[in-house]
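Heads up: the sequence shown begins at 12 in this note's numbering, then just goes up one per residue.
Here's the structure we're looking at; comments come further down.
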Amino acid sequence: MFTIGHSTHPIGRFLGLLSCHGVTLLVDVRRFPRSRRHPQFNRDSLGPSLAAAGIGYLHAEALGGMREPRPGSPNAAWREPAFRAYADHTRTPEFLACLDELVRLARQHVLALMCAEANPLECHRQLIADALLARGLPVRHVLADGRVRDHQLTPFARVRSGVVTYPDLLSY
């Protein structure tokens, strides 16, 4: 399983990155599958482009970012509120059901999880990858230059019974 950020790629370059890694299904993990600056990555444009390249498309809104923080979060190690809010979201039934579906789809397809951000360490794809890694699924990040990097569990993450948390290490 791969992750990729569409970044500012022309559509041809983006499709080439997917194809060279054998991706057969792109899972769009943006909560809102559109881009004002890069309309080639709007869902209505992207789906047909992918289909022409022989790649399927699935929008997984349940994995999308832009979540609200929760009081009493067990993920206080994330100092950035948006990442803490998303870490809280990874414990919801909605997220977990979608993660189960990804695991099932990964048995039939080579998946790439796509968001906008080029750097996976600056994107919620990092937290999705942590959750998949905790379930025993290796994840690889396709970088903007085409290189691939194996996902490593976020250093301050803790995994217990397949569940990832990011506790404040001072209170751990």
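From the three backbone atoms N, C-alpha and C, an ideal C-beta is built for every residue, glycine too.
query, result
"At 3 residues or longer, what runs of the beta strand (DSSP E) sit wholly inside the segment 23 to 71?", "36 to 39, 67 to 70"
"Do you know offhand how far ALA87's Cα is from HIS120's?", "35 Å"
"With a threshold of 16 other CB atoms inside 10 Å of the CB of ALA63, please say whether the residue is buried or exposed.", "exposed"
"Does the pairing of the segment 121 to 139 with the segment 23 to 34 give three or more beta-carbon distances under 8 Å?", "yes"
"Going by beta carbon distance, what residues of the same chain come within less than 6 Å of GLN51, once the five residues before and after it are set aside?", "ILE22"
"Could you check if GLY173 is buried or exposed, using at least 16 other CB atoms within 10 Å of its CB as the buried criterion?", "exposed"
"Beta carbon of ILE66: closer than 7 Å to some heavy atom of the ligand MN?", "No copy of the ligand MN occurs in the structure displayed, which carries no ligand at all."
"Relative to the C-alpha of LEU110, which residue among PRO82, PRO92, LEU29, ALA142 is closest?", "ALA142"
"Relative to the alpha-carbon of LEU69, which residue among ASN53, GLY147, VAL175 has its alpha-carbon at the smallest distance?", "ASN53"
"Count the other CB atoms within 10 Å of the CB of PRO44; is the residue buried (16 or more) or exposed (fewer)?", "buried"
"Would you tell me roughly how many angstroms separate the C-alpha atoms of SER56 and SER46, rounded to the nearest one?", "11 Å"
"Would you check if the segment 146 to 161 and the segment 92 to 102 touch, i.e. whether three or more CB-CB distances between them fall below 8 Å?", "no"
"At which residue ranges does the segment 82 to 146 contain complete alpha helix (DSSP H) runs of 4 or more residues, listed in the order of the chain?", "92 to 100, 104 to 117, 136 to 145"
"Is ILE40 near ARG136, with beta carbons less than 8 Å apart?", "Correcting the residue type first, residue 40 is Val in the shown sequence and not Ile. In contact: VAL40 and ARG136 (Cβ atoms closer than 8 Å)."
"How far does the beta strand (DSSP E) with HIS152 in it reach, from first residue to last?", "151 to 153"
"Assuming LEU61 and GLY67 are in contact, meaning their beta carbons sit under 8 Å apart, how far apart are those beta carbons, in whole angstroms?", "7 Å"
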